[in-house]
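Here is the structure we will look at, set down as structure tokens.
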Amino acid sequence: MAMTVIQACRSLALSTWLLSFCFVHLLCLDFTVAEKEEWYTAFVNITYADPAAGGAELRSEKSECGRYGEQSPKQDARGQVALSASPADRFACEPGTRFNAPAPGKSWVALIPRGNCTYKEKIRHAAAQNASAVVIYNLGSSNANETITMPHAGLEDVVAIMIPEPKGKEIVSLLERNITVMMYITIGTRNLQKYVSRTSVVFVSISFIVLMIISLAWLVFYYIQRFRYANARDRNQRRLGDAAKKAISKLQVRTIRKGDKETEPDFDNCAVCIEGYKPNDVVRILPCRHLFHKSCVDPWLLDHRTCPMCKMNILKALGIP
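The structure is reproduced here in structure tokens:
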């Protein structure tokens, strides 16, 4: 009965552990899939009159170096590149920022360095001057070639991209030499980047701790039950051993004499040692009237408490609880 209870508890605890593990695993998968970022690269093609050829030859450079902003429409844009008209406000952080834009009616692209204010402010100030697109080049980053998906919520109708610092400075150098630069922005590659956020890490950590607590509780419960069962079994064995000794002390003992029927050749041998009875052998007579050598049957009775032949329980036969 005790073993059945332990097995049932063990099965229940193991089932709970497995269900908890599956539940946590599914939630972790859900969180992992949810934490992802979709972003697009942009092809940037600049065209300008090559100063090395005296301005008579157009030079074109195209590279997939741009990255669209988070809220930017993913569409093409083109125009003449323009910087801030005032070097003091080259970061375009002031609402009244003016740009060296071409004549009204011509499309143009604002080129602004990163820093000093938010991306949203830079884009809004350029858009207020009717820029066709806003290009922000990285500046002051530990990785000059790094680009990010710029956040600029609320400005979903302005094409905005980020380009690396070297590319931005190259274009600035051309503009500072009064070279007209045309820029063509086209959609590049779609990217889907999965990552683990801080929320996911905290969730998985808590889930792991909870799972470990459940496992530890199950192990503690299991070993406590096992220990209790082992103690109960040992107590029962000791009780039965004491009862068997008491029963054995009440069983009849007789010494075989010469001429007794047990010494006759056709009499049954001792069922324990399979040997016949001889004069002076001490035998033990059980309540079922079967007899055996005392030295053979006493150890058997201590362990089994039943007759080796008919399996009669000597404790019940003698009324010992």
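Numbering (mature numbering (1 follows the signal peptide of the UniProt record, and there is no 0)), first residue to last: -34 to -1, 1 to 287.
We treat Cβ as the ideally placed atom computed from N, Cα and C, and that holds for glycine.
Asked                                                                                                                                                 : Found
List the residues that DSSP assigns as beta-bridge partners of Gln218.                                                                                : Ile251
Along the chain, where does the beta strand (DSSP E) that runs through Lys133 open and close?                                                         : From DSSP, Lys133 is part of no beta strand (DSSP E) but of the alpha helix (DSSP H) over 131 to 142.
My output table needs one value for Ala126: the three-state DSSP class, helix, strand or coil.                                                        : strand
What do you get for Ile88, buried or exposed, if any count of 16 or more other CB atoms within 10 angstroms of its CB means buried?                   : Inspection of the sequence shows that residue 88 is occupied by Lys rather than by Ile. Lys88 should be labelled buried.
Hey, out of Asn157, Ser26, Arg56, whose CA is closest to Tyr34's CA?                                                                                  : Asn157
Span of the alpha helix (DSSP H) holding Ala48?                                                                                                       : No alpha helix (DSSP H) contains Ala48, which is instead part of the beta strand (DSSP E) from 43 to 48.
Return the first residue and the last residue of the alpha helix (DSSP H) that Ala92 is part of.                                                      : 85 to 93
Where do the N-terminal and C-terminal ends of the alpha helix (DSSP H) with Ala76 fall, by residue?                                                  : That residue, Ala76, is in no alpha helix (DSSP H); its beta strand (DSSP E) goes 74 to 79.
Considering only residues of the same chain and omitting the five flanking positions on each side of Leu105, which have a CB-CB separation below 8 Å? : Pro79, Arg80, Gly81, Glu131, Gly134
Mind checking whether Ala43 and Val75 have CB atoms under 8 Å apart?                                                                                  : yes
So, is Ile102 buried or exposed, given that buried needs 16 or more other C-beta atoms within 10 angstroms?                                           : buried
With distances taken between CB atoms, is the gap from Cys239 to His256 smaller than 8 Å?                                                             : no
Could you tell me the distance, in whole angstroms, from the CA atom of Asn96 to the CA atom of Lys28?                                                : 25 Å
Would you check if the distance between the CB atom of Lys260 and the CB atom of Arg250 is smaller than 8 Å?                                          : yes
Whole angstroms is fine: what's the gap from Lys212's alpha carbon to Arg223's?                                                                       : 27 Å
May I have the straight-line CA-CA distance separating Leu264 from Ala210, to the nearest angstrom?                                                   : The displayed chain sequence assigns Asp, not Leu, to residue 264. So the two alpha carbons sit approximately 9 Å from each other.
When burial is assigned at 16 or more other CB atoms within 10 Å of the CB, is Gly32 buried or exposed?                                               : buried
Tell me the rounded alpha-carbon separation between Ser98 and Ile114.                                                                                 : 21 Å
Going by the CB atoms, is the gap between Ala126 and Ser38 shorter than 8 Å?                                                                          : yes
Quick one: is Leu185 buried, meaning 16 or more other Cβ sit within 10 Å of its Cβ, or exposed?                                                       : exposed
My understanding is that Pro68 touches Gln46, with C-beta atoms under 8 Å, so please give their C-beta distance in whole angstroms.                   : 5 Å
Determine the DSSP secondary structure at Cys262, reduced to helix, strand or coil.                                                                   : helix
Does the beta-carbon of Ile172 have 16 or more other beta-carbons within 10 angstroms, so that it is buried, or is it exposed?                        : exposed
Which residues bound the alpha helix (DSSP H) around Ile280?                                                                                          : 280 to 284
Find out if the Cβ-Cβ distance for the pair Lys86, Gly62 is shorter than 8 Å.                                                                         : no
Where DSSP assigns a beta bridge to Glu3, which residues make up the other side?                                                                      : Gln159
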